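Student: Handing you this structure, nothing more for now.
2 protein chains.
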Amino acid sequence: MVLNGHKQVVALAGGVGGAKLVYGLSKVLSPGDLTIIGNVGDDFVHYGLHISPDLDTVLYTLAEVANPITGWGLADDTRHMLDMLRRYGEDTWFGLGDHDLATHLLRTHWLGQGHTLTEITARLVLALGVAHPLLPVTDDLLATMVDTVEYGTLPFQEYFVRYRWQPAVERVWFQGADRARMTVEVASALANADMIIFCPSNPVLSIAPILAVPGIREALETRRASSIVVSPFVGGKAVKGPAAKLMNELGLEVSPRGVAQYYAGLVDGLVVDVSDRDLPLPDRVEILTTRTLMQSGADKVRLAKQILDWVGSRTA
Amino acid sequence: MVLNGHKQVVALAGGVGGAKLVYGLSKVLSPGDLTIIGNVGDDFVHYGLHISPDLDTVLYTLAEVANPITGWGLADDTRHMLDMLRRYGEDTWFGLGDHDLATHLLRTHWLGQGHTLTEITARLVLALGVAHPLLPVTDDLLATMVDTVEYGTLPFQEYFVRYRWQPAVERVWFQGADRARMTVEVASALANADMIIFCPSNPVLSIAPILAVPGIREALETRRASSIVVSPFVGGKAVKGPAAKLMNELGLEVSPRGVAQYYAGLVDGLVVDVSDRDLPLPDRVEILTTRTLMQSGADKVRLAKQILDWVGSRTA
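Chains as they are written, first to last, in our numbering: chain A, 19 to 334; chain F, 19 to 334.
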């Protein structure tokens, strides 16, 4: 199989790291050839607003309006609403930009009118001029929960933002996962996929909630598509965020081999950063060693192209 | 009766004009001696946010954070959320400042938790350091509706903001008024009032919705208190907004006499601007002629003091 303009690529993406690779892929693949499946496990309701941080990060990145410093939120945003909330005596632990608020307000408003998260995401994507489809893995409630040593069970954003992922983690689980349904759009994308890419997102916090939706893991295990994962580690560490700390705490190996073990049965190939080539490698999957750190737009496009070429040549 | 520190004053106020006089009164009367009853007829839900424009105008004015140019909204506010809504293709006909959004977001959030508008207003007032009680006339739904020649029936904000009060009005009515209940706080304030002041607010749009709540008109008609109205007209015109245009359209006389007729049975005294002294005057109420235009803070305090002294001397 050689990938050409008519092969279907599905990317599973969490937040900042995933969005970067997805951006690269979107520059190489036409909208009809790439579908992005996004994580909703870190969605939460804050001051009545339905916030979907990972979907927004992908949306803003693809629309080229993301904050280039943080990777999430909007470029040149202000926090005047938050200043006023503080004046009202509120504990403003979760950052909400003023421009960013429009996204949450519209999403919440439309959800209240009975639209699905899938429909709403499509509307937001379209309105910001993004042509590639972005699909929440489910329209149902699915909430990532983190059992910590210090504070007991925390909803994801409390763990991640309020406590800056410092508490020691004993277990990560997904509230509502047993009743969540994969959307028809996601089912169709997976059924038609010729290639599946697990983006360099946090396996436990960003990809696991996608896999927790009934039917997703089975669809991936019985795939006809090629499937590869891009290791989220560079130099044995997470590029940002708690991926390495968390995998250590959960007894998982922070190495290319650990990543392959985590995705056992789900991937045929692993993309490893050059700086990790001396760490333990897996022996049952094919390996592409390259630079995976994506800083510039050119880095993202190069990595995306390299991955597509590699998978294309392997399966030719 | 001489008004002193232990007499109870109740002010009925709409938006900008009412807020100005209430500000003056708040500088002269201690928090225990002044209660403000606010209009909720122009409350509405916009993008899921519960917005109470008149209550907010009074709140911001008393807290000395109101926009000094418009009289409503917050000083030095920005509209970044609105800019982004527009980018999403929304018709942003209703101005929402970023700081201002915090008020709407908190109110909506707390309403969703089951708190009453009375409780929420008290919390907002307290948080901004305002000591004088501000009471919504009712916690129930009461929506000012405007029957227009051009567009049929419009919800108040559509008439007022979207169409900038240009449509010709045939009738103003109050949806939900028959089922709205006066709060116990409002009932108690009216029962204990020694003096009632109808602020220079739009009689038809700002005061009528207060009077439409069952029991309010009866409480005012059977009052033991002195009751006066400050004419909203200066030089036979409204200081701002549609008061004069609207009263004309509804066949009401735009003069001190017209104002007294509108409030027949509800007031014993009328405060008239010096520029209107040659217009038709009423003959059954006492009249104080003075400058009623409130531009500076000093204007507001002077007018408030003058009114209190006048009523005090009349009823001594």
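Even glycine gets a Cβ: it sits at the ideal position worked out from N, Cα and C. Everything numeric in this text was worked out from a predicted model, so none of it was measured.
Quick check for students: name the residue ranges of the alpha helix (DSSP H) that lie wholly in the stretch 79-109 of chain A, counting only runs of 4 or more.
Tutor: List check, alpha helix (DSSP H) in window: 98-105.
Student: What are the start and end residues of the alpha helix (DSSP H) that includes residue 262 of chain A?
Tutor: To locate residue 262 of chain A, count along the first sequence from 1; it is residue 244. Residue 262 of chain A -> alpha helix (DSSP H) spans 261-267.
Student: Once the 5 residues before and after residue 36 of chain F are set aside, which same chain residues still bring their CB inside 6 Å of it?
Tutor: Counted from its first residue, the second sequence places residue 36 of chain F at position 18. Cβ neighbours of residue 36 of chain F beyond the five flanking positions: 217, 219.
Student: For residue 96 of chain A, which residues of its own chain have a beta-carbon under 8 Å away from its beta-carbon, when the five flanking residues on both sides are left out?
Tutor: Your numbering for residue 96 of chain A matches position 78 in the first sequence. Taken in chain order, the residues that qualify are 115, 116, 117.
Student: Measuring only the C-alpha atoms, how far is residue 110 of chain A from residue 180 of chain A?
Tutor: On the first sequence, residue 110 of chain A is found 92 positions in, with the first residue counted as 1. On the first sequence, residue 180 of chain A is found 162 positions in, with the first residue counted as 1. The alpha-carbon atoms of residue 110 of chain A and residue 180 of chain A are separated by roughly 9 Å.
Student: Assuming residue 289 of chain F and residue 248 of chain F form a contact by the criterion Cβ under 8 Å, report the distance between their Cβ atoms to the nearest whole angstrom.
Tutor: Here residue 289 of chain F refers to the residue found at position 271 when the second sequence is read from its first residue. Here residue 248 of chain F refers to the residue found at position 230 when the second sequence is read from its first residue. 4 Å between Cβ atoms; contact.
Student: Mind pulling the chain A residues with CB within less than 9 Å of residue 106 of chain F?
Tutor: The sequence position of residue 106 of chain F within the second sequence is 88, counting from 1. Ordered by position in chain A, the residues that pass the 9 Å Cβ test against residue 106 of chain F are 120, 121, 124, 141, 142, 145, 146.
Student: Could you pull the start and end residues of the alpha helix (DSSP H) that residue 320 of chain F belongs to?
Tutor: Translated into positions along the second sequence, residue 320 of chain F becomes position 302. Counting along the chain, the alpha helix (DSSP H) containing residue 320 of chain F begins and ends at 315-332.
Student: Does the distance from the CB of residue 204 of chain A to the CB of residue 164 of chain A come in under 7 Å?
Tutor: By 1-based counting over the first sequence, the position of residue 204 of chain A is 186. By 1-based counting over the first sequence, the position of residue 164 of chain A is 146. No, the pair does not count as a contact, with Cβ atoms beyond the cut-off.
Student: Exposed or buried, which one is residue 326 of chain F when buried takes at least 16 other CB atoms within 10 Å?
Tutor: Here residue 326 of chain F refers to the residue found at position 308 when the second sequence is read from its first residue. Classification of residue 326 of chain F: buried, given that the 10 Å Cβ count is 16 or more.
Student: Can you pull the chain F neighbours of residue 306 of chain A, defined as C-beta to C-beta under 9 Å?
Tutor: Along the first sequence, one-based indexing puts residue 306 of chain A at 288. Within 9 Å Cβ-Cβ: nothing; residue 306 of chain A doesn't reach chain F, min ~39 Å.
Student: How would you list, in chain order, the residues of chain F whose beta-carbon sits under 8 Å from the beta-carbon of residue 127 of chain A?
Tutor: Start at 1 with the first residue of the first sequence, and residue 127 of chain A comes out as number 109. Per Cβ cutoff of 8 Å: 65, 66.
Student: Taking three-plus beta-carbon pairs below 8 Å as touching, is the stretch 230-240 of chain A in contact with the stretch 254-261 of chain A?
Tutor: no
Student: Distance, Cα to Cα, residue 21 of chain F vs residue 287 of chain F?
Tutor: Here residue 21 of chain F refers to the residue found at position 3 of the second sequence. Here residue 287 of chain F refers to the residue found at position 269 of the second sequence. Bear in mind that a pLDDT of 47 at residue 21 of chain F, under 50, signals an unreliable position, so the number given afterwards is only what the model happens to contain. Distance between the alpha carbons of residue 21 of chain F and residue 287 of chain F is about 16 Å.
Student: What does DSSP give as the partner residue(s) for residue 244 of chain F in the beta ladder?
Tutor: Along the second sequence, one-based indexing puts residue 244 of chain F at 226. Partner(s): F:213.
Student: Determine the closest residue to residue 27 of chain F out of F:119, F:283, F:208, with distance taken between C-alpha atoms.
Tutor: Looking up residue 27 of chain F in the second sequence gives position 9. The shortest C-alpha separation from residue 27 of chain F is found at F:208.
Student: What do you reckon, are the CB atoms on residue 81 of chain F and residue 155 of chain F nearer than 7 Å?
Tutor: Numbered from its first residue, the second sequence carries residue 81 of chain F at position 63. Numbered from its first residue, the second sequence carries residue 155 of chain F at position 137. In this structure, residue 155 of chain F does not lie closer than 7 Å to residue 81 of chain F by Cβ.
Student: Please classify residue 210 of chain A: is it buried, with 16 or more other beta-carbons within 10 angstroms of its beta-carbon, or exposed?
Tutor: Taking the first residue of the first sequence as position 1, residue 210 of chain A is located at position 192. Exposed, by the Cβ-count rule.
Student: With DSSP as the reference, identify every bridge partner of residue 218 of chain F, one or two as the case may be.
Tutor: Start at 1 with the first residue of the second sequence, and residue 218 of chain F comes out as number 200. According to DSSP, residue 218 of chain F bridges with nothing at all.
Student: Where does residue 111 of chain A fall in DSSP's three states?
Tutor: Here residue 111 of chain A refers to the residue found at position 93 when the first sequence is read from its first residue. Coil, per DSSP.
Student: Could you confirm whether any beta carbon from chain A is found closer than 7 Å to the beta carbon of residue 133 of chain F?
Tutor: Counting from 1 along the second sequence, the entry for residue 133 of chain F is found at position 115. Chain A, which has no Cβ nearer than 7 Å to the Cβ of residue 133 of chain F, makes this no.
Student: Closer than 8 Å is the cut-off here; do at least three beta carbon pairs connect the stretch 86-100 of chain A with the stretch 52-60 of chain A?
Tutor: no
Student: Does the contact criterion of 3 or more C-beta pairs under 8 Å hold for the stretch 127-139 of chain A versus the stretch 83-94 of chain A?
Tutor: no
Student: Can the beta-carbon of residue 166 of chain F be found less than 7 Å from the beta-carbon of residue 187 of chain F?
Tutor: Here residue 166 of chain F corresponds to residue number 148 of the second sequence, with the count starting at 1. Here residue 187 of chain F corresponds to residue number 169 of the second sequence, with the count starting at 1. Against a cut-off of 7 Å, the Cβ pair of residue 187 of chain F and residue 166 of chain F comes out as a contact.
Student: Restricting to runs no shorter than 3 residues, where is the beta strand (DSSP E) found entirely within the stretch 139-193 of chain A?
Tutor: At a cut-off of 3 residues, the continuous stretches assigned as beta strand (DSSP E) that sit fully inside the stretch 139-193 of chain A are 152-154, 161-166, 170-173, 187-193.
Student: Comparing C-alpha positions only, which one of F:142, F:150, F:316, F:108 sits nearest to residue 141 of chain A?
Tutor: For this step, residue 141 of chain A is matched to residue 123 along the first sequence. The candidate whose alpha carbon is nearest that of residue 141 of chain A is F:108.
Student: By how many angstroms is the C-alpha of residue 232 of chain F removed from the C-alpha of residue 283 of chain F?
Tutor: Sequence index remark: in the second sequence, residue 283 of chain F carries index 265 (1-based). Sequence index remark: in the second sequence, residue 232 of chain F carries index 214 (1-based). Answer to the nearest angstrom: the Cα atoms are 16 Å apart.
Student: Closest Cβ-Cβ distance between residue 87 of chain F and chain A: below 7 Å?
Tutor: For the purposes of this step, residue 87 of chain F is taken as residue 69 along the second sequence, with counting starting at 1. It does not; no Cβ of chain A falls within 7 Å.
Student: Given that residue 101 of chain A touches chain F, what residues does it touch there, using C-beta distances under 9 Å?
Tutor: Within the first sequence, the letter at position 83 stands for residue 101 of chain A. The contacting residues are 116, 117, 120.
Student: I need the DSSP call for residue 133 of chain A, collapsed to helix, strand or coil.
Tutor: Along the first sequence, one-based indexing puts residue 133 of chain A at 115. The answer is coil: DSSP assigns residue 133 of chain A none of H, G, I, E or B.
Student: Would residue 96 of chain F count as contacting chain A if we go by Cβ distances under 7 Å?
Tutor: Walking along the second sequence from the start, residue 96 of chain F turns up at place 78. Yes, residue 96 of chain F counts as interfacial toward chain A.
Student: Identify whether residue 30 of chain A lies in helix, strand or coil by the three-state DSSP scheme.
Tutor: Within the first sequence, residue 30 of chain A is the residue found at index 12, counting from 1. Of the three classes helix, strand and coil, the one that applies to residue 30 of chain A here is strand, per DSSP.
Student: Roughly how far, in whole angstroms, is the beta-carbon of residue 291 of chain A from the beta-carbon of residue 311 of chain A, given that I think they are within contact range, below 8 Å?
Tutor: Along the first sequence, read from residue 1 onward, the residue named residue 291 of chain A stands at position 273. Along the first sequence, read from residue 1 onward, the residue named residue 311 of chain A stands at position 293. About 7 Å separates the two Cβ atoms, so the contact holds.
Student: Considering only C-alpha positions, which residue in the set F:228, F:173, F:177 is nearest to residue 200 of chain F?
Tutor: By one-based count along the second sequence, residue 200 of chain F stands at place 182. Closest by C-alpha distance to residue 200 of chain F, out of F:228, F:173, F:177, is F:228.
Student: Over what stretch of residues does the alpha helix (DSSP H) that includes residue 276 of chain A continue unbroken?
Tutor: Start at 1 with the first residue of the first sequence, and residue 276 of chain A comes out as number 258. It spans 274-280 - the alpha helix (DSSP H) in which residue 276 of chain A sits, taken as one unbroken run.
Student: Three-state secondary structure (DSSP) at residue 50 of chain A?
Tutor: On the first sequence, residue 50 of chain A is found 32 positions in, with the first residue counted as 1. Helix at residue 50 of chain A.
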